[in-house]
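Residue numbers (UniProt numbering): 1 to 260. For reference, the structure discussed in these notes is given below.
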């Protein structure tokens with residue numbers, strides 16, 4: 001079990017060892033006469049995180065023979081509450097009976113706790129997260145081996161040192177909006193350390209609020225957009241790409257789609 005705050009290096013903590021495991025041939029080889037075989041599986045809670053992990057594996061595995069891919073499952077929002085275990089069931093089915101998982105021996109859960117399914121062939125299970133609520137910790141203890149190891153980076157319960165936190169007091173919704181618009185106006189022409197335009201991510205409580213804030217900012221001639229889980233995946237990816245490239249300077253997001 002690996003526990004570190006967001007930005008604390010959790011991804012590299014399992015990406016590099018998995019690449020080493022595969023490159024050194026510890027997984028028994030990645031190909032046979034029938035084609036490729038998955039040696040390790042990394043489970044993520046959202047498509048967005050899965051694609052971020054794919055990029056990380058591709059970056060760290062550059063100029064190696066290791067190949068990685070993304071497998072996603074689409075589940076309608078109205079069915080999620082009725083099929084809360086579907087992801088676990090799908091994972092178990094994939095590993096136990098999937099045509100390309102006969103050599104899969106390692107499973108990593110990244111920000112998702114899915115070890116409760118029966119995966120008899122998995123030799124090593126690892127879970128990495130920024131948060132471990134008591135109920136999740138109890139579950140991990142029951143599922144993992146008795147001699148499992150829990151690793152911390154020394155920053156339990158704290159934000160990453162690179163994150164500056166400041167609380168700004170405001171009166172009412174109008175007061176909050178005025179404070180927000182004032183802060184964004186001040187940094188409109190500021191540049192980041194790398195010389196790019198400063199970008200801002202605004203988290204609000206609901207999807208409608210995210211759309212409303214983005215609309216208000218657009219009316220003030222700010223390059224703003226919003227994102228939420230109701231949008232098609234390709235549209236969400238397009239908006240995120242625009243934000244990374246600097247086309248969009250301010251991105252409004254509801255809490256439910258914090259990690260798309």
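Backbone N, C-alpha and C define an ideal beta-carbon position, used for all residues, glycine too.
Taking residue i as part of the alpha helix (DSSP H), name the residues at either end of that continuous run.
i, result
"residue 213", "207 to 219"
"residue 177", "172 to 186"
"residue 23", "10 to 23"
"residue 106", "Residue 106 -> not in any alpha helix (DSSP H); beta strand (DSSP E) instead, spanning 106 to 110."
"residue 124", "Residue 124 -> not in any alpha helix (DSSP H); beta strand (DSSP E) instead, spanning 124 to 129."
Can you list, in chain order, the residues of its chain with a C-beta nearer than 6 Å to that of residue i? Leave out the 5 residues immediately preceding and following it.
i, result
"residue 279", "This structure leaves residue 279 out entirely; the chain is present only between 1 and 260."
"residue 106", "40 and 124"
"residue 326", "This structure does not reach residue 326, given that the chain is present from 1 up to 260, and the question cannot be answered."
"residue 174", "none"
"residue 239", "225 and 227"
"residue 11", "56"
Determine the contact status of residue i and residue j, defining contact as a CB-CB distance below 8 Å.
i, j, result
"residue 181", "residue 253", "no"
"residue 248", "residue 210", "no"
"residue 214", "residue 226", "yes"
"residue 39", "residue 131", "no"
"residue 47", "residue 6", "no"
"residue 176", "residue 170", "yes"
"residue 4", "residue 110", "no"
"residue 222", "residue 184", "yes"
Taking the beta strand (DSSP E) that residue i falls in, what are its first and last residues?
i, result
"residue 261", "Lying outside 1 to 260, the shown extent of the chain, residue 261 is not represented and no answer is given."
"residue 49", "That residue, residue 49, is in no beta strand (DSSP E); its alpha helix (DSSP H) goes 47 to 60."
"residue 202", "200 to 204"
Can you find the residues in the same chain that come closer than 7 Å, C-beta to C-beta, to residue i, ignoring five residues on each side of it along the sequence?
i, result
"residue 23", "64 and 66"
"residue 168", "179"
Starting from the C-beta of residue i, find all residues in its chain whose C-beta is less than 8 Å away, skip the five residues before and the five after it, and write them out in chain order.
i, result
"residue 19", "57, 60, 61, 64 and 66"
"residue 9", "153"
"residue 78", "Model confidence at residue 78 stands at a pLDDT of 43, short of 50, so the residue's coordinates are unreliable; what they give is reported in the following sentence. Within the same chain, residue 78 has no close Cβ partners at all."
"residue 191", "197 and 198"
Answer yes or no: does any C-beta atom of chain E fall closer than 8 Å to that of residue i?
i, result
"residue 64", "You won't find chain E in this structure, because it holds only one protein chain."
Counting Cβ pairs, one atom from each stretch, are 3 or more of them under 8 Å apart for the region 235 to 251 and the region 192 to 200?
Note that the region 235 to 251 touches the region 192 to 200; at least 3 beta-carbon pairs, one per stretch, sit closer than 8 Å.
Cβ pair count under 8 Å reaching 3, the region 49 to 68 against the region 6 to 21
yes
Scan the region 228 to 258 and note each continuous beta strand (DSSP E) run of 3 residues or more that stays entirely inside, going in chain order.
250 to 254
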